[in-house]
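**Student:**
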Amino acid sequence: MTTLLIIAGTDSSGGAGLTRDVAAATAMAQLLPQFAQRSLSLRPVVTAVTVQTDAALEEIHPTRPEVIQSQIRAAAATGPISAVKIGMVGSAMAAESIAKALALSVPDTCPVVLDPVLRSSSGGRLMQASDLKPLITRANLITPNVQEAAQLAPCLSDRQPDSPDTPGIASQTRRLQQARQLQDAGADAVLIKGGHGGGAMSVDHLFFGDAHIRYERPRLPRGRRGTGCTLATAIAVQLMTGRGFDQACANAGDYVHEWLKEAAI
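The following block contains the structure:
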């Protein structure tokens, strides 16, 4: 049995959070031959209960940090964890608690994918960028969108940031600067997503070590809530099979692109 630990909030609309994570992990596993002979086990850890619709974030009810830690401990005690996906965290205290619980319960060899959720898809602010530093230090891969990368990078690194609006600095150069700042903060790899950008092509930038890989796909006319959850979870499932960052991000990105096409029909 292969086990994915999913740490995230609930979403009463069903469009994001743990509900979307479970659906994405299940769908991704069904596409992989590795799971034909073994089952995928999902262990959820609830960081917060949110009251949401597709249009608005109405309420947030955080889970106490000690309860988050207890959930992680119990999940790990049930059996070995193969990978971890972290979504909505909710607070600096929760981030610290998750980092400590992972250090005690999950081996360092276990891949951790962090989707740094700062705002909900419906527009509500969920946490401050600097609150995530304990988890970025532990993450093997962090998957910010363009706006999240611009907020995270300056407050997590000692490097002097360049303004996103500085004339003459190409967006690709800014992405490289932001990724290096996030790597300085501890992340092994950074995937800066281009879905919230402009232009005919949506371009994701993956940085790991000295490597930089671009993934270009046609921009679709409609998006869907929970896209970030879906991508990060799909990547985590890919990493569980032993794929490297480059192939895992490519395969998961292709899956999400097809999922988004369904909304465009």
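Be aware that the sequence shown starts at -17, since it is given in this note's numbering, and climbs by one per residue. Yeah, the Cβ is synthetic: ideal placement off N, Cα and C, and Gly gets one too. No experiment lies behind these values; they were computed from the predicted model shown.
What number of angstroms, rounded off, separates the C-alpha of residue 59 from the C-alpha of residue 92?
**Tutor:** Approximately 15 Å between the Cα atoms of the pair.
**Student:** Residue 175 bridges to which residues according to DSSP?
**Tutor:** DSSP output for residue 175 lists 127 as bridge partner(s).
**Student:** Cβ atoms of residue 135 and residue 96: under 8 Å apart, would you say?
**Tutor:** Result no, Cβ atoms of residue 96 and residue 135 do not sit closer than 8 Å.
**Student:** My output table needs one value for residue 63: the three-state DSSP class, helix, strand or coil.
**Tutor:** In the structure shown, residue 63 sits in coil (DSSP, three-state: anything other than H, G, I, E or B).
**Student:** By the 10 Å Cβ neighbour count, where 16 or more other Cβ atoms means buried, how is residue 183 classified, buried or exposed?
**Tutor:** Burial call: exposed.
**Student:** Do residue 11 and residue 219 have their CB atoms nearer than 8 Å?
**Tutor:** Yes; because the gap between Cβ atoms is below 8 Å, this pair is in contact.
**Student:** Starting from residue -12, follow its DSSP beta bridges and name the residues at the other end.
**Tutor:** Per DSSP, 26, 67.
**Student:** Closer than 8 Å is the cut-off here; do at least three beta carbon pairs connect the segment 43 to 63 with the segment 75 to 92?
**Tutor:** Contact holds: three or more Cβ-Cβ distances are below 8 Å.
**Student:** For residue 63, which residues in the same chain have their Cβ closer than 6 Å to its Cβ, ignoring the five residues on either side in sequence?
**Tutor:** -15, -13, 88, 92.
**Student:** For residue 71 and residue 109, which I take to be in contact (beta-carbon distance under 8 Å), what is that distance rounded to the nearest angstrom?
**Tutor:** Right, the Cβ-Cβ distance comes to about 6 Å (below 8 Å), so this counts as a contact.
**Student:** Should residue 177 go down as buried or exposed, given a rule of 16 or more other Cβ atoms within 10 Å for buried?
**Tutor:** With 16 or more Cβ atoms within 10 Å of its Cβ, residue 177 is classed as buried.
**Student:** Between which two residues does the beta strand (DSSP E) harbouring residue 199 extend?
**Tutor:** Note, residue 199: beta strand (DSSP E), 193 to 200.
**Student:** Thinking just about the alpha-carbon of each residue, which of 42, 240, 115 is nearest to the one in residue 98?
**Tutor:** It is 115.
**Student:** By DSSP, does residue -7 sit in helix, in strand, or in coil?
**Tutor:** Here residue -7 sits in strand by DSSP.
**Student:** Taking C-beta to C-beta, are residue 181 and residue 201 nearer than 8 Å?
**Tutor:** Yes, the pair counts as a contact, with Cβ atoms nearer than the cut-off.
**Student:** Whose C-beta lies closer than 6 Å to the C-beta of residue 31 among residues of the same chain, with five residues either side of it excluded?
**Tutor:** These residues qualify, in order along the chain: -8, 43.
**Student:** Looking only at DSSP bridge pairs, what is residue 183 linked to?
**Tutor:** Answer by DSSP bridge pairing, in chain order: 200.
**Student:** Compute the beta-carbon to beta-carbon distance between residue 242 and residue 215, rounded to the nearest angstrom, for a pair I have assumed lies under 8 Å.
**Tutor:** Actually they are not in contact, since the Cβ atoms of residue 242 and residue 215 sit about 15 Å apart, beyond 8 Å.
**Student:** Measuring alpha carbon to alpha carbon, tell me which residue in 239, 228, 222, 233 is nearest residue 20.
**Tutor:** Nearest option by C-alpha distance: 222.
**Student:** Just to confirm my understanding: we take residue 228, look at its own chain, exclude 5 residues before and 5 after, and list those with CB closer than 8 Å. What are they?
**Tutor:** Here the set comprises 188, 190, 193, 195.
**Student:** What does the alpha-carbon distance come out to for the pair residue 3 and residue 167?
**Tutor:** Distance between the alpha carbons of residue 3 and residue 167: 26 Å.
**Student:** For residue 34, does the three-state DSSP call read helix, strand or coil?
**Tutor:** Reduced to three states, the DSSP call for residue 34 is strand.
**Student:** Do residue -3 and residue 207 have their beta-carbon atoms positioned less than 8 Å apart in this structure?
**Tutor:** The answer is yes: Cβ separation under 8 Å.
**Student:** Would you list the one or two residues that DSSP bridges to residue 41?
**Tutor:** DSSP lists 33 as partners of residue 41.
**Student:** Tell me whether the beta-carbon of residue 232 lies closer than 8 Å to the beta-carbon of residue 213.
**Tutor:** Taking 8 Å as the Cβ cut-off, residue 232 and residue 213 do not qualify as a contacting pair.
**Student:** Applying the criterion that 16 or more other CB atoms from any shown protein chain within 10 Å of the CB defines a buried residue, is residue 173 buried or exposed?
**Tutor:** Counting Cβ neighbours within 10 Å, residue 173 comes out buried, since at least 16 surround it.
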